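Protein sequences appear in the order of chains A and B.
When the letters of the first sequence are read in order and numbered with our numbering, they come out as residues 325 to 727.
When the letters of the second sequence are read in order and numbered with our numbering, they come out as residues 325 to 727.
Ideal placement from N, C-alpha and C gives every residue a C-beta, glycine not left out.
Computed from a predicted model, the values in this text were never measured in an experiment.
Number of protein chains: 2
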Amino acid sequence: MPPFEVPEGDPFGPHNLPYGVFSRPGAQERTVGVRLGDHVLDAGAAAQALGSPYASLLARPSLNPLLAAGRTAWSDVRRALTAWVTVPSHQETVAPFLHPLSSVTLHLPFEVADYVDFYASENHARNVGQIFRPDAEDSLTPNWKHLPIGYHGRAGTVVVSGTDVVRPSGQRKAPSDPAPVFGPSVRLDIEAEVGFVVGVPSARGTAVPLGDFREHVFGLCLLNDWSARDVQAWEYVPLGPFLGKSFATSVSAWITPLDALDDARVAPPARTHALLPYLDDAEEEPGGYDLRISVAINGRTVSEPPFDTMYWTAAQQLAHMTVNGASLRTGDLYGSGTVSGPGPGQRGSLLELTWNGREPLELPEGKRTFLEDGDTVTLSAWAPGPDGVRVGLGEVSGRIVPS
Amino acid sequence: MPPFEVPEGDPFGPHNLPYGVFSRPGAQERTVGVRLGDHVLDAGAAAQALGSPYASLLARPSLNPLLAAGRTAWSDVRRALTAWVTVPSHQETVAPFLHPLSSVTLHLPFEVADYVDFYASENHARNVGQIFRPDAEDSLTPNWKHLPIGYHGRAGTVVVSGTDVVRPSGQRKAPSDPAPVFGPSVRLDIEAEVGFVVGVPSARGTAVPLGDFREHVFGLCLLNDWSARDVQAWEYVPLGPFLGKSFATSVSAWITPLDALDDARVAPPARTHALLPYLDDAEEEPGGYDLRISVAINGRTVSEPPFDTMYWTAAQQLAHMTVNGASLRTGDLYGSGTVSGPGPGQRGSLLELTWNGREPLELPEGKRTFLEDGDTVTLSAWAPGPDGVRVGLGEVSGRIVPS
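As structure tokens, this is what we get:
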């Protein structure tokens with residue numbers, strides 16, 4: 325099959341066109357690529373061959389210049405790319421710049437500025453509340469329905485899919501221990517999330533209103549917020565997670581532009597509490613996304629978290645994150661928080677899937693409460709696209725190696 | 325007085341030589357400068373004029389290349405600079421590159437990678453515990469004496485001294501309020517801290533041992549971690565501070581190299597709890613620094629926090645921050661946490677100085693519980709230097725402007 329013809333229904337057809345950064349064997353040079361089926365188009369080289377003005381955004385070693393260019397440029401570039409891979413006269417010109425995915429190396433596609441992680445799934449928050457505070461009157465903290473709870477994570481340890489994750493060491497202390505002990509985490513977990521990538525900056529001292537979400541956010545990816553639950557439990561009061569999270573956060577090699585996900589937009593769940601005006605999305609366009617996520621351990625699906633169940637939307641998270649005047653930078657990344665649906669087979673962490681280790685998963689390779697060395701975790705997802713075709717998200721995969 | 329002759333005892337004499345980044349009037353170009361008295365030496369231009377190999381580190385718009393160059397280069401460059409400003413033959417060559425401080429604009433001196441804030445003063449932590457948890461058995465949380473508690477902050481809103489701070493807006497909810505309200509913070513506070521600047525990166529998956537602190541950390545500065553206490557109180561359970569801090573963090577325009585502070589090194593307070601080996605500094609070189617900080621509001625000193633009272637040292641913080649394998653990047657910044665001494669006039673926040681607003685400060689311009697619009701807060705500090713001369717730290721100053 326000629327490279328431009330992807331199989332019918334391929335989730336990475338010309339309706340998708342996610343962006344990444346790749347290099348070819350033996351070459352140091354990185355450049356922006358666009359995925360088409362199981363090929364990657366060297367978008368910068370194609371733009372140069374066609375004399376396109378977008379070469380200055382695409383013949384670059386990271387997505388940051390494109391991210392910074394803003395919504396009009398994002399639409400224009402996407403329209404151009406669509407033509408290049410679908411119009412025969414263009415196809416002929418760009419064909420030499422189409423490489424099999426299997427022949428290239430994929431890199432972290434953008435320079436991460438600040439990384440923020442939210443906690444926006446009500447099912448997840450209630451599961452965690454029931455596990456850790458079984459006697460509490462309400463499994464949610466009092467602020468949960470009033471604001472999207474978030475915190476800053478470590479931008480410097482965001483890694484691309486395929487990067488091994490070294491099991492972190494740290495302090496842990498069971499309530500029965502007289503003093504903390506040190507060693508490799510024995511409760512290493514995943515968090516299945518969606519990451520949003522900021523393109524257009526905002527000025528310090530100004531807030532980004534709900535309706536401006538698509539002016540600032542370029543696209544999304546899958547994100548695995550690896551978590552050492554034992555380290556986290558001992559350290560997190562009163563200032564939140566730190567070393568329990570900061571050793572690694574994995575993201576997809578492919579950033580799906582929001583423009584590819586218009587058919588996946590859905591209304592978020594009904595709000596049970598009145599929202600302050602800056603978060604009130606009743607009159608806004610639908611802020612949710614219908615993304616069907618799968619979590620696999622060593623190739624076997626263990627959960628299917630539905631993203632459309634998230635209580636807080638990415639637009640609300642952006643409005644909240646900036647309402648105090650905090651500025652945005654190109655490359656800011658924020659995670660949705662663990663995605664968990666209402667069903668037991670829809671939970672986005674092993675903490676919940678095994679109910680804090682009490683109900684192990686039965687895998688062919690043995691029981692799992694938390695991750696063992698050698699385990700590979702892969703998140704994948706798709707969204708409804710035009711004419712019933714799926715839009716595939718780039719998978720995010722990582723293997724645990726011993727410390 | 326010729327520019328190279330600073331007054332005797334000047335805390336910015338040739339024994340100090342902190343680094344910054346400046347531009348001259350009308351010029352867009354930024355370059356590395358070294359402070360000498362009330363002048364700044366254009367270090368890059370001086371290096372070029374002298375044919376120095378260090379021009380490649382100094383004729384740059386940020387300190388990052390110098391930071392990345394490592395300890396041997398740091399010492400060599402400092403030795404060279406000392407010669408340029410003290411040896412007459414060199415002085416003659418570099419004199420044209422010495423500009424009055426009053427004639428230049430100072431900029432953020434390095435590109436901040438990740439920003440982490442700690443909580444390392446026992447006096448501060450006990451004050452906060454007594455204010456917010458008066459009925460608790462112990463004013464410290466159980467983990468406090470076992471690890472230096474820290475969390476990630478927002479790197480993108482680290483600003484240089486002199487930058488105005490817009491009063492942040494946000495949600496707050498008093499226990500008596502039926503629902504949160506939104507508006508400008510009414511409990512805007514400071515945190516007087518010392519910031520440490522990482523130069524040499526470390527690899528993901530490896531830990532930086534205590535003894536390697538000076539191989540990685542280039543220098544320090546003053547840091548004001550502005551805090552909206554009302555926003556923070558409502559948001560921070562369970563994932564820590566977020567919008568209550570993320571609107572601005574101010575740092576000095578001058579980074580003092582650790583090499584200028586050898587005479588200020590002191591042992592930290594006696595440890596009351598056994599430490600895990602990776603934090604045990606009993607056999608290490610003294611990890612504390614004797615820095616005498618002053619906090620002034622509108623020019624009037626309101627507190628003098630002594631840095632030598634900090635329970636956790638910067639070396640311990642670095643060891644802890646990386647013990648899970650989190651990597652370091654050039655430009656990582658970490659704050660010590662609010663510096664508070666044992667005395668009431670030694671507290672590093674208004675929260676403590678006014679005991680949560682119950683004991684207002686009496687200033688000539690009126691009573692203060694928290695900051696009012698128009699207030700300017702200035703942190704300054706000095707350390708013991710060679711032969712009894714003081715080593716001055718660059719001040720950090722910021723004025724509150726209305727939202």
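Contact annotation: the stretch 703–722 of chain A does not touch the stretch 382–401 of chain B, with fewer than three C-beta pairs closer than 8 Å. As computed with DSSP, A707 of chain A is found in a beta bridge with A:V715. Beyond the five residues adjoining it in sequence on each side, G333 of chain A comes within less than 8 Å, by CB distance, of V713 and R714 in the same chain, given in chain order. For I617 of chain A, the uninterrupted beta strand (DSSP E) segment begins and ends at R616 to I621. Q495 of chain A: member of the beta strand (DSSP E) spanning S493 to R496, first to last residue. In the DSSP assignment, E517 of chain A falls within the unbroken beta strand (DSSP E) covering A516 to V522. Across the stretch 464–490 of chain A, CB contacts with chain B closer than 7 Å involve T465, N467, H470, L471, I473, G474, Y475, H476, G477, R478, A479, G480, T481 and V490, in sequence order along the chain.
If the five residues before and after H597 of chain A are omitted, its C-beta is found closer than 7 Å to the C-beta atoms of K469 and H470, all from its own chain and listed in chain order. Restricting attention to B:Y443, B:F542, B:E719 and B:S727, the CA atom closest to the CA of P335 of chain B is found in B:E719. G344 of chain A is positioned such that its CB atom lies no closer than 8 Å to that of P466 of chain A. Near chain A, meaning a CB-to-CB distance below 9 Å, the residues of the stretch 553–567 of chain B are V555, W558, E559, Y560, V561, P562, L563, G564, P565, F566 and L567. Using beta-carbon distances, P593 of chain B does not count as an interface residue toward chain A, since no partner is under 8 Å. The stretch 430–458 of chain A contains, as complete beta strand (DSSP E) runs of 3+ residues, the segments 439–442 (chain order). Within the DSSP bridge table, the entry for Y658 of chain A names A:V440 and A:F520 as partners.
Judged by DSSP secondary structure, L382 of chain B falls within the alpha helix (DSSP H) whose first and last residues are A379 to L382. Residues of chain A whose Cβ lies closer than 8 Å to the Cβ of Y602 of chain B are, in chain order, F506. For S574 of chain A, no Cβ of chain B is located within less than 8 Å of the residue's own Cβ. Taking 8 Å as the cut-off, the beta carbon of H644 of chain A is found closer than this to the beta carbon of L603 of chain A. Between C545 of chain A and the set A:P508, A:V518 and A:L360, the nearest pair of CA atoms involves A:V518. The bridge partners DSSP lists for D400 of chain A come to none. For P389 of chain A, the uninterrupted alpha helix (DSSP H) segment begins and ends at N388 to A393.
Not a single C-beta of chain B is nearer than 8 Å to the C-beta of P331 of chain A.
With 16 or more other CB atoms across the displayed protein chains lying within 10 angstroms of its CB, V575 of chain A is buried. As DSSP reads the structure, E686 of chain A sits in a beta bridge with A:K691. Counted as a single uninterrupted DSSP element, the beta strand (DSSP E) harbouring S574 of chain A occupies residues T573 to V575.
Taking the CA atoms as reference points, A620 of chain B sits about 11 Å from G672 of chain B.
In the DSSP annotation of this structure, the continuous segment of the alpha helix (DSSP H) that includes P412 of chain A starts and ends at P412 to V418. Among the residues of chain B, none has a CB under 9 Å from the CB of Q372 of chain A; the nearest is roughly 29 Å distant.
In the DSSP annotation of this structure, the continuous segment of the alpha helix (DSSP H) that includes R538 of chain A starts and ends at F537 to H540. If you ignore the 5 residues before and after T530 of chain B, its C-beta comes within less than 7 Å of the C-beta of G649, all in its own chain and listed in chain order. Boundaries of the beta strand (DSSP E) harbouring L360 of chain A: T355 to L360, taken from the DSSP string. Secondary structure at P668 of chain B: helix, using DSSP grouped into helix, strand and coil. Under the 8 Å criterion on CB atoms, Y343 of chain A is classed as non-interfacial with respect to chain B.
Between D614 of chain A and A516 of chain A, the CB-CB gap reaches or exceeds 8 Å. W398 of chain B has its alpha-carbon roughly 40 Å from the corresponding atom of A379 of chain A. Taking a C-beta distance under 8 Å as the contact criterion, F566 of chain A and Y475 of chain B qualify as a contact pair.
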